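Data first, discussion second: the structure below is written as structure tokens.
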Amino acid sequence: KNQVEQSPQSLIILEGKNCTLQCNYTVSPFSNLRWYKQDTGRGPVSLTIMTFSENTKSNGRYTATLDADTKQSSLHITASQLSDSASYICVVSVRNAGNMLTFGGGTRLMVKP
Amino acid sequence: DSGVTQTPKHLITATGQRVTLRCSPRSGDLSVYWYQQSLDQGLQFLIQYYNGEERAKGNILERFSAQQFPDLHSELNLSSLELGDSALYFCASSGEGRGYTFGSGTRLTVV
Chain A
138 KNQVEQSPQS
148 LIILEGKNCT
158 LQCNYTVSPF
168 SNLRWYKQDT
178 GRGPVSLTIM
188 TFSENTKSNG
198 RYTATLDADT
208 KQSSLHITAS
218 QLSDSASYIC
228 VVSVRNAGNM
238 LTFGGGTRLM
248 VKP
Chain B
5 DSGVTQTPKH
15 LITATGQRVT
25 LRCSPRSGDL
35 SVYWYQQSLD
45 QGLQFLIQYY
55 NGEERAKGNI
65 LERFSAQQFP
75 DLHSELNLSS
85 LELGDSALYF
95 CASSGEGRGY
105 TFGSGTRLTV
115 V
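Sequences listed follow chains A and B, in order.
In case it helps, my numbering puts the first sequence at residues 138 to 250.
In case it helps, my numbering puts the second sequence at residues 5 to 115.
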């Protein structure tokens, strides 16, 4: 069964600190992995997308890594800001399945001043 | 603005009623996806349409149905509504060589 699991479920950090969110997946055959940021009550917004051959990708203060062998990904946020408070969702796409996405349950991040 | 437009933004209705949610995909995208997100839950895939035809079906209840019209906009119909149907309903679209983008969602409250 295709699954995406994220940890931790929730995280509280102080403004300015770094944090790392984890994603493990069992999706096969793998096509790509995306990280989304979802503000409360809003639609998810794409942060990064990585294919099988990519093992790191950055978008500003967000850096995603991918280890396709161990089927793990991480999202590292540096110098956190209050506006980083949101849910971060790991999404894996299944190859040859019409762009079908499997969503993780998300990590709810709260950045405190 | 993601380019995906969903209407209405908010909807309050009574149990047993029927509602229609509308989605206009980003210009040029042929695929439309519908997702349900209940309170504090992850997104659950409901259904996908590609150029007017149903492409994939997820955990969509029989009380729910959808369609995609020739102009590529899509509607999600929810009938015999129950309290548990209260959720955010998101539409997303994608196209050949283009990323996957979400709309802002419709918040449905069933009372």
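Every residue gets a Cβ at the ideal spot worked out from N, C-alpha and C, and that includes glycine.
For clarity, every value in this text was computed on a predicted model and none was experimentally measured.
For residue i, three-class secondary structure by DSSP
i: SER31 (chain B); result: coil
i: SER83 (chain B); result: coil
i: LEU219 (chain A); result: helix
i: ASP204 (chain A); result: strand
8 Å contact criterion, which residue i and residue j should meet: CB distance rounded
i: GLU40 (chain B); j: ALA91 (chain B); result: Checking the sequence, you will find Gln at residue 40 (chain B) rather than Glu. Sure, about 5 Å apart at Cβ, within 8 Å.
i: GLY99 (chain B); j: LEU34 (chain B); result: 6 Å
Candidates the options: closest to residue i by CA position
i: SER222 (chain A); options: A:GLY243, A:GLN143, A:ARG232, A:LEU203; result: A:GLY243
i: ASP75 (chain B); options: B:VAL114, B:PHE106, B:SER83, B:CYS27; result: B:CYS27
i: GLN175 (chain A); options: A:THR239, A:VAL231, A:CYS227; result: A:CYS227
i: LYS154 (chain A); options: A:LYS249, A:VAL182, A:ALA216, A:TYR162; result: A:ALA216
i: VAL36 (chain B); options: B:ASP89, B:GLN71, B:PRO12, B:LEU65; result: B:GLN71
i: ARG179 (chain A); options: B:LEU87, B:GLN10, B:VAL114, B:LEU85; result: B:GLN10
i: ILE186 (chain A); options: B:GLY101, B:LEU112, B:GLU86, B:VAL114; result: B:GLY101
Residue i Cβ short of 7 Å to the ligand HEM heavy atom set
i: PRO12 (chain B); result: Among the components of this structure there are no ligands whatsoever, and the ligand HEM is therefore not found.
Per DSSP, the bridge partner or partners of residue i
i: TYR104 (chain B); result: In the DSSP output, where bridge partners are listed per residue, TYR104 (chain B) has none listed.
i: SER195 (chain A); result: A:THR200
i: LEU86 (chain A); result: Residue 86 (chain A) is absent from the structure shown; chain A starts at 138 and stops at 250.
i: MET237 (chain A); result: MET237 (chain A) is not bridged to any residue.
i: SER69 (chain B); result: B:ASN81
i: ARG26 (chain B); result: B:THR11, B:GLU79
i: GLU142 (chain A); result: A:ASN161
i: ILE64 (chain B); result: Answer by DSSP bridge pairing: none, since ILE64 (chain B) is not bridged.
i: THR113 (chain B); result: B:ILE16
i: SER42 (chain B); result: Answer by DSSP bridge pairing: none, since SER42 (chain B) is not bridged.
i: LYS154 (chain A); result: Per DSSP, none; premise fails for LYS154 (chain A).
Residues in the segment 178 to 206 of chain A having any Cβ partner in chain B nearer than 9 Å: The residues in question are GLY178, ARG179, GLY180, PRO181, VAL182, SER183, ILE186.
- request: Quick one: which residues of the segment 58 to 80 of chain B get their C-beta closer than 7 Å to a C-beta of chain A? List them in chain order.
  value: Considering only beta carbons, the part of the segment 58 to 80 of chain B lying closer than 7 Å to chain A consists of ARG59, ALA60, in chain order.
field: chain B contacts from the segment 226 to 248 of chain A (Cβ-Cβ distance under 9 Å)
entry: So the close ones are ILE226, VAL228, SER230, ALA234, GLY235, ASN236, MET237, LEU238, THR239, PHE240, GLY241, GLY242, GLY243, ARG245.
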